[in-house]
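In this text, residue positions in the sequence shown follow UniProt numbering: the first is 1, and each later residue adds one. Beta carbons: idealized from backbone N, C-alpha and C, even for Gly. Values in this document were obtained by computation on a predicted structure and should not be read as measured data. Only one structure is covered here, and it is reproduced in the block below.
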Amino acid sequence: MLHHQSFFRIKSLSCVWQTSRGISLTASLCKNRKSGVPKITPFRTKQLTYEEAIPPSRINVRKGWLSFNTSNLHEEKRAAQTTFEDFLVRRFLTGTWHRSLASEVIIKRRHNIVVLSFLVSMERMLPRQVYFLQGYSETMLSGWLKMPVKIELQSVASQSDMVFKKI
Numbered sequence: 001m002l003h004h005q006s007f008f009r010i011k012s013l014s015c016v017w018q019t020s021r022g023i024s025l026t027a028s029l030c031k032n033r034k035s036g037v038p039k040i041t042p043f044r045t046k047q048l049t050y051e052e053a054i055p056p057s058r059i060n061v062r063k064g065w066l067s068f069n070t071s072n073l074h075e076e077k078r079a080a081q082t083t084f085e086d087f088l089v090r091r092f093l094t095g096t097w098h099r100s101l102a103s104e105v106i107i108k109r110r111h112n113i114v115v116l117s118f119l120v121s122m123e124r125m126l127p128r129q130v131y132f133l134q135g136y137s138e139t140m141l142s143g144w145l146k147m148p149v150k151i152e153l154q155s156v157a158s159q160s161d162m163v164f165k166k167i
C-alpha cells in the first residue's frame with residue numbers, strides 16, 4: 001500500500017514537470033560556433049578589413065591592441081575611468097566622422113597626452129572638412145578628458161581600398 005501511494009505522488013510530480021518544462025527534440029541550428037570569427041557567406045559578398053579578418057586567437061601575433069595604456073595593471077587607480085574614456089572617445093569620433101572612418105580608432109596614452117590614430121575615407125569629404133573636424137575633435141576631447149589630445153590621421157581614397165578579403 002505504501003508503495004502504491006508513492007507511485008501516485010511521483011506520477012503527479014512528473015505531470016507538473018511536463019506542463020512547466022518542455023523538451024525539444026529538433027536538432028540545434030548553431031551554425032556559427034566561434035565568437036569573433038565572421039560567418040562565410042554563400043557567394044563571398046561580405047567584405048572584411050585586415051583587422052576583422054584576423055581571428056581573435058592571433059590578435060597579438062599579427063597585429064597590436066586598439067588601446068595602449070598602463071591603467072589595467074594590477075592595483076592601478078584609473079582602470080574603470082580609462083576604459084570609460086576610451087569608450088567615450090570612440091563613440092564621439094564615430095559620430096563626428098560620420099561614414100568617414102575607414103578603420104578602427106587606436107588610442108595611445110603617453111604620459112599626459114592621448115594620441116588617436118585612424119584612417120579617413122576621402123570619398124565624401126573635402127580636405128578643409130578633414131582639417132576642421134580634426135581641430136574640432138582635438139579641442140572637444142581635450143576639454144572633456146582634461147589632457148592634451150593629438151589626432152594622427154591618414155587618408156584613403158575610398159572605403160573599398162580597405163577591403164582585405166571577401167568571405
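request  = Could you pull out every residue in the same chain whose Cβ sits closer than 6 Å to the Cβ of E152, ignoring the five residues on either side in sequence?
outcome  = The residue you call residue 152 lines up with position 152 of the sequence shown. The beta carbon of E152 sits closer than 6 Å to the beta carbons of S117 from its chain, once the five residues preceding and following it are set aside; these are given in chain order.
message = Using 8 Å for Cβ pairs, my map puts S155 next to V120. What's the rounded Cβ distance?
response = Position 155 of the sequence shown holds residue 155. Position 120 of the sequence shown holds residue 120. About 5 Å; that satisfies the 8 Å criterion.
query = Where are the beta strand (DSSP E) runs, 3 residues long or more, that stay fully inside the segment 116–154, in chain order?
reply = Given a length threshold of 3 residues, the segment 116–154 has no whole run of the beta strand (DSSP E) inside it.
query = CB K39 to CB I167, shorter than 9 Å?
reply = Along the sequence shown, read from residue 1 onward, the residue named residue 39 stands at position 39. Along the sequence shown, read from residue 1 onward, the residue named residue 167 stands at position 167. Yes.
key: Three-state secondary structure (DSSP) of R68   = Walking along the sequence shown from the start, residue 68 turns up at place 68. First, the amino acid is wrong: residue 68 is Phe here, not Arg. Residue state, collapsed to three classes: strand.
request  = Would you mind reading off the limits of the beta strand (DSSP E) that contains R110?
outcome  = Taking the sequence shown and counting its residues from 1, the one referred to as residue 110 is at position 110. Judged by DSSP secondary structure, R110 falls within the beta strand (DSSP E) whose first and last residues are 106–110.
task = Could you tell me the boundaries of the alpha helix (DSSP H) in which E51 lies?
result = As a first step, residue 51 is located in the sequence shown; it is residue number 51 there, counting from the start. Under the DSSP assignment, E51 falls in the alpha helix (DSSP H) whose first and last residues are 50–53.
Other residues of its chain near V163: CB distance less than 8 Å, five sequence neighbours each side excluded = Here residue 163 is taken as the residue at index 163 of the sequence shown, counted from 1. Shown here for V163: same chain residues with a beta carbon closer than 8 Å to its own, the five before and five after excluded, namely Q47, L48, T49 in chain order.
message = Counting beta carbon pairs with one atom in the segment 120–129 and one in the segment 78–92, are three or more of them shorter than 8 Å?
response = A contact is defined here as three or more CB-CB pairs under 8 Å, and the segment 78–92 fails this definition with respect to the segment 120–129.
query = Looking only at C-alpha atoms, which of K108, L141, E52, L73 sits nearest to V89?
reply = As a working mapping, residue 89 is identified with position 89 in the sequence shown. Relative to V89, the option among K108, L141, E52, L73 whose CA is nearest is L141.
request  = Pull up the distance between the alpha-carbon of F68 and that of T26, whole angstroms please.
outcome  = Counting from 1 along the sequence shown, the entry for residue 68 is found at position 68. Counting from 1 along the sequence shown, the entry for residue 26 is found at position 26. It is roughly 47 Å from the alpha-carbon of F68 to the alpha-carbon of T26.
Backbone CA spacing between Q129 and V115 [nearest angstrom] = Within the sequence shown, numbered from 1, the residue matching residue 129 stands at position 129. Within the sequence shown, numbered from 1, the residue matching residue 115 stands at position 115. Each residue's CA atom was taken as its position, placing Q129 and V115 some 20 Å apart.
Neighbour-count burial assignment, W97, 16 or more Cβ in a 10 Å radius = Taking the first residue of the sequence shown as 1, we reach residue 97 at position 97. Label assigned to W97: buried.
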